[in-house]
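Protein chains in written order, with this note's numbering: chain A, 1 to 250; chain B, 1001 to 1250; chain C, 2001 to 2250; chain D, 3001 to 3250.
Number of protein chains: 4
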Amino acid sequence: MINKIYKSALITGAGDGIGYETLKRFLKEKIIVYALDKNVKKLKILQKKIKFNVIELDLTDTNKLYRELSKLKVDILFANAGVGRGAEGILKASRDDIEISTKINIESCLHTLKAIVPKMVKNRKGHVVLMGSLAGLYPQISTVYGGQKGAIHRIAQSLRVELSGSRVKVTEICPGRTKTNFAEAAFEDKTKAKKFMSGFTLLEAKDIADTIMFALSTRWRSNISTIEISGTEQSPGGVPIYPVKDPILT
Amino acid sequence: MINKIYKSALITGAGDGIGYETLKRFLKEKIIVYALDKNVKKLKILQKKIKFNVIELDLTDTNKLYRELSKLKVDILFANAGVGRGAEGILKASRDDIEISTKINIESCLHTLKAIVPKMVKNRKGHVVLMGSLAGLYPQISTVYGGQKGAIHRIAQSLRVELSGSRVKVTEICPGRTKTNFAEAAFEDKTKAKKFMSGFTLLEAKDIADTIMFALSTRWRSNISTIEISGTEQSPGGVPIYPVKDPILT
Amino acid sequence: MINKIYKSALITGAGDGIGYETLKRFLKEKIIVYALDKNVKKLKILQKKIKFNVIELDLTDTNKLYRELSKLKVDILFANAGVGRGAEGILKASRDDIEISTKINIESCLHTLKAIVPKMVKNRKGHVVLMGSLAGLYPQISTVYGGQKGAIHRIAQSLRVELSGSRVKVTEICPGRTKTNFAEAAFEDKTKAKKFMSGFTLLEAKDIADTIMFALSTRWRSNISTIEISGTEQSPGGVPIYPVKDPILT
Amino acid sequence: MINKIYKSALITGAGDGIGYETLKRFLKEKIIVYALDKNVKKLKILQKKIKFNVIELDLTDTNKLYRELSKLKVDILFANAGVGRGAEGILKASRDDIEISTKINIESCLHTLKAIVPKMVKNRKGHVVLMGSLAGLYPQISTVYGGQKGAIHRIAQSLRVELSGSRVKVTEICPGRTKTNFAEAAFEDKTKAKKFMSGFTLLEAKDIADTIMFALSTRWRSNISTIEISGTEQSPGGVPIYPVKDPILT
């Protein structure tokens, strides 16, 4: 159960996947929620059953981002929005993949923090939850996505230092591969996307939502700084050898 | 609630602090527990109220460790035992501090894994919870304690790789400063110990037990690899300057 | 001495500081250099003494970036360009600081890699040197700058995985505070900037250039993946306490 | 060239491999060297050609360690001694492997620091070089060796904090797989050992010695904190999937 000191929340990327799952949990606990997404179709349907606020917003539109978010004062910020474009690596990513994914995965996250966190500091209460990734913690194939999630890891850790003494808490959730529509967006090739998301028992959005609910349930004095969660059948690591046919001898 | 696939547990360092708090949680959930400690006074008192097994064992006694643990087959291993000796750093630690703390904080942990984990692998079920520390994740003053908890961090991460495909899960809990008798053991000077443990709202053993219960509650498919938890008023980090009066110019 | 397999190099941010110092070293070793910067004043002066190519380019201009860099084929890429805007943290950074620094510190670095690295892969030879920072490795005060350099750290590590088997090497240099014009750009307040850059024996640009030359001097078989260098009087770390006057008790 | 402020050095594990290679470099630069090893055969032969001191010592003999090292006052400590026993992981390691490798790889390193570093602090000059490993930085198969090298990583980082303001510098070298007799000691099975050390262009002891010489060559003001070096054909990382035939569904 979410700590009773929190009454309201903003969720970015709330329209589907982990954000949507978390939204439903928040609503069950009577949190006043602002659910932000570019695609609000599922949100509009949910709104027919339960009351909450929808913000239709493409996070690459920085002007609108500040305009919309400057109105809000919330206790919880779940900066969840992210995109897998470029997840196949720098060699395969297009110029557009790089631009859009950097904008959404890092820049809009910083703008969102800028728009929301100072009010938490002033209000001397708040909890920021950032959506990291295993890709932000360990070396892996994607220079683009890994770099962006690596930024989130360091943003979370530095924000905690920056907010020292403010009573605002910061949690980073770092999941492994999760059954969402991430892969469909990340890979152009549908067969590849399907393969990426099969062959083992994947994490599901509700597993990740559980970690967020746990972090938000703690007493104020204790801060869950980081939760790393992966499929039990997925283990980051190893120091593989990639022999080259024609090594250079000097 | 602990996942129903787990029926039994071994807790090392169960006689006090985080281990003792976790023991009480396990018992509340009807887990068959083997509670191991060198000092079993509190355990003997608890045994009068509720049924569980006590193993009186000094973990520096490797022969007895293997003798006692070779008899056990458990679903959960909470390798919690640790000692703060040497926490003031290499310059202040004695030879004895180094020997005993390395033996307890690292070597006995590896022996415990050696004695218990192969049976989990054979049984194709199990959950290992390792007690890390912020000191194992970030640079801080103690070369001795930090080094030892740094070992635990890497043990947890490598054990996960080693157990890939075995169905056995591995979780590492990395707490910041917690209200236990750690400081009394870590500092000879009682005033220092008291100061170390005051001046802010410390974590308590039950905060840490909450994280363990959460990790053990997850579905099998999802593994909580790491939880980093610190007092909200404690933030690892910073890149401080230590000016030297007489820098060397070459 | 730079490994003889390398004949040419592109340096971004070559107009001053670490980039300029490295440029001079490369020229001394007869490397054909493309020196890229927005401000080419110092480069123009140097060109009067020694022959090399200058590319006048603001890295926020992505069109021009691809236009200029698509012409080049080099053995060494030193992706050094970076800006300290926002280094005071998210609470003090302006919207502009966030936009421009994300564009330069991360996005343009990815575009530069995209423009240059595939040709190295095709040519089966190359060495990418990325400019990280202590701020990318450890939690510290700046959410903005730290996040961006955290991205570089993960970019470097993932690029190495992505380039496995390609014969292209990747090195990340992570310096602490260095006597350059970084602080002047990072802090609006000149007194603050001066204070940031005094009080201890700072690293100098030539110390960092030494590390780059060392990494480039190694035999092909051995890759200097990361060099972390800090002022001897500067040590990242510590787990400080920030007591709050009015802690929340639930 | 080693910084002129250093005149003398202690090398542990100097009898072969990286230690021996570094010894020869030190002697070439007229450093007064104390070369410590359990097996001094190669050292005795070298002594016939060039003058230096040999300390015959098994580092598991803590009494003798303190007795011998308490006599020394050196400017450089290269704590290089280490053993690969247990490198196949906790499931394959024997009780003896765990005991001996923990003793040598961690405990004796702490004792060596305890015996040598306080004199450096008093003398206000010194440089400690610690032998880490990729295995100490990234998750990989060996719980035993990885844990021990993880300890060294955190020892190096915390020692730097502990020695802040003392003028003593601390460098950690983290190599990947290197052509030494490591594998022969690490694997009982000679075929396995051979396989471990073939199939790609391995690092050689001289590559590692180069990094040490570089770190010791820097001006006093700049500290090479960490150098990570791997075979160009070896890249830590990846987030592999290990599907289980019989996943548990709860």
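Backbone N, C-alpha and C define an ideal beta-carbon position, used for all residues, glycine too.
As the structure is a prediction and not an experimental result, all values here were calculated from the model.
Legend entry - Between the CA atoms of D3189 (chain D) and T226 (chain A) - distance to the nearest angstrom: 41 Å
Inset, instruction - Identify the continuous alpha helix (DSSP H) that holds D2097 (chain C) and give its terminal residues. - result: R2095 to T2102
Inset, instruction - Would you decide whether T2250 (chain C) is buried or exposed? Buried here means 16 or more other CB atoms lie within 10 Å of its CB. - result: exposed
Inset, instruction - Taking V2033 (chain C) as part of the beta strand (DSSP E), name the residues at either end of that continuous run. - result: I2032 to D2037
Legend entry - DSSP-derived helix/strand/coil call for T2226 (chain C): strand
Legend entry - Per-residue DSSP class, three states only, for K149 (chain A): helix
Inset, instruction - For Y2999 (chain D), return the contacting residues in chain A, with the cut-off set at a CB-CB distance below 7 Å. - result: Outside the modelled stretch of chain D, which goes from 3001 to 3250, sits residue 2999 (chain D), for which no answer is possible.
Inset, instruction - Let me know if D1058 (chain B) comes out buried or exposed under the rule of 16 or more other beta-carbons within 10 Å of its beta-carbon. - result: exposed
Inset, instruction - Rank B:G1086, B:P1139 and B:G1237 by C-alpha distance to the C-alpha of R154 (chain A) and give the top, closest one. - result: B:G1237
Legend entry - Anticipated Cβ contact below 8 Å, T1191 (chain B) with I1224 (chain B), distance rounded: The pair is not a contact, with the Cβ atoms about 38 Å apart (cut-off 8 Å).
Legend entry - Cβ neighbours of T2211 (chain C) in the same chain (closer than 7 Å, five flanking residues each side left out): I2173, I2227 and I2229
Legend entry - Segment contact, 8 Å Cβ cut-off, at least three pairs: the segment 2099-2112 of chain C with the segment 93-103 of chain A: yes
Inset, instruction - Quick one: list the residues of chain A neighbouring D2111 (chain C), beta-carbon separation under 9 Å, in chain order. - result: Looking at the sequence itself, residue 2111 (chain C) is His, so the reference to Asp does not match. Residues of chain A passing the Cβ test: R95, I98 and E99.
Legend entry - Which residues DSSP lists as bridging G231 (chain A), in chain order: B:S1222
Inset, instruction - Kindly list the residues whose CB is nearer than 8 Å to the CB of D2016 (chain C), restricted to its own chain and excluding five residues on each side of it in sequence; keep chain order. - result: D2037, N2039, K2042, T2180 and N2181
Inset, instruction - Show which residues of chain D have a CB atom less than 8 Å away from the CB atom of A1151 (chain B). - result: I3106, G3147, Q3148, G3150, A3151 and R3154
Inset, instruction - Put T2257 (chain C) into one of helix, strand or coil per three-state DSSP. - result: Residue 2257 (chain C) falls outside the range modelled here, since chain C spans only 2001 to 2250, and no answer is possible.
Inset, instruction - Ignore the nearest five residues each way along the sequence and tell me which others in S1252 (chain B)'s own chain have a CB closer than 8 Å to its CB. - result: The structure shown has nothing for residue 1252 (chain B), since chain B only spans 1001 to 1250.
Legend entry - Closer than 9 Å at the beta carbon, the chain A residues around E3233 (chain D): I241, Y242, P243, V244 and P247
Inset, instruction - Give the interface partners of T1201 (chain B) over in chain C, defined as CB-CB distance under 7 Å, in chain order. - result: P2247
Inset, instruction - Return the chain-ordered list of same chain residues with a C-beta closer than 8 Å to the C-beta of E3021 (chain D), the five sequence neighbours on each side being excluded. - result: A3205, K3206, I3208 and A3209
Legend entry - Span of the beta strand (DSSP E), counted from its first residue to its last, around N3063 (chain D): Premise fails: N3063 (chain D) lies in the alpha helix (DSSP H), T3062 to L3069, not in any beta strand (DSSP E).
Legend entry - Proximal residues to L3203 (chain D) (C-beta, below 8 Å), its chain only, five neighbours per side dropped: P3175, G3176, R3177, T3178, K3179, I3229, S3230 and G3231
Legend entry - Euclidean distance between Cα positions of N3003 (chain D) and I3050 (chain D): 22 Å
Legend entry - Min CB distance I208 (chain A) to chain C below 9 Å: no
Inset, instruction - Answer yes or no: does any C-beta atom of chain C fall closer than 9 Å to that of G1165 (chain B)? - result: no
Legend entry - DSSP bridge partner residues for S158 (chain A) (one or two, in chain order): None, per the DSSP bridge assignment.
Legend entry - Three-state secondary structure assigned by DSSP to V2170 (chain C): strand
Inset, instruction - Could you please give the first and the last residue of the uninterrupted beta strand (DSSP E) stretch that includes T2012 (chain C)? - result: S2008 to T2012
Legend entry - chain B contact for P3175 (chain D) (CB, 9 Å cutoff): no
Inset, instruction - Check whether the Cβ atoms of P243 (chain A) and E3233 (chain D) lie closer than 9 Å to each other. - result: yes
Inset, instruction - Output yes or no for whether 9 Å exceeds the beta carbon distance between R2160 (chain C) and I248 (chain A). - result: no
Legend entry - Inter-stretch contact (C-beta, 8 Å, three-pair minimum) for the segment 2117-2127 of chain C and the segment 2073-2084 of chain C: yes
Legend entry - Under the three-state DSSP convention, the category E3021 (chain D) falls into: helix
Legend entry - Backbone CA spacing between A3186 (chain D) and V2117 (chain C) [nearest angstrom]: 38 Å
Legend entry - Neighbouring residues, chain C, relative to G132 (chain A) (Cβ below 9 Å): None at all; the shortest Cβ gap to chain C is about 10 Å.
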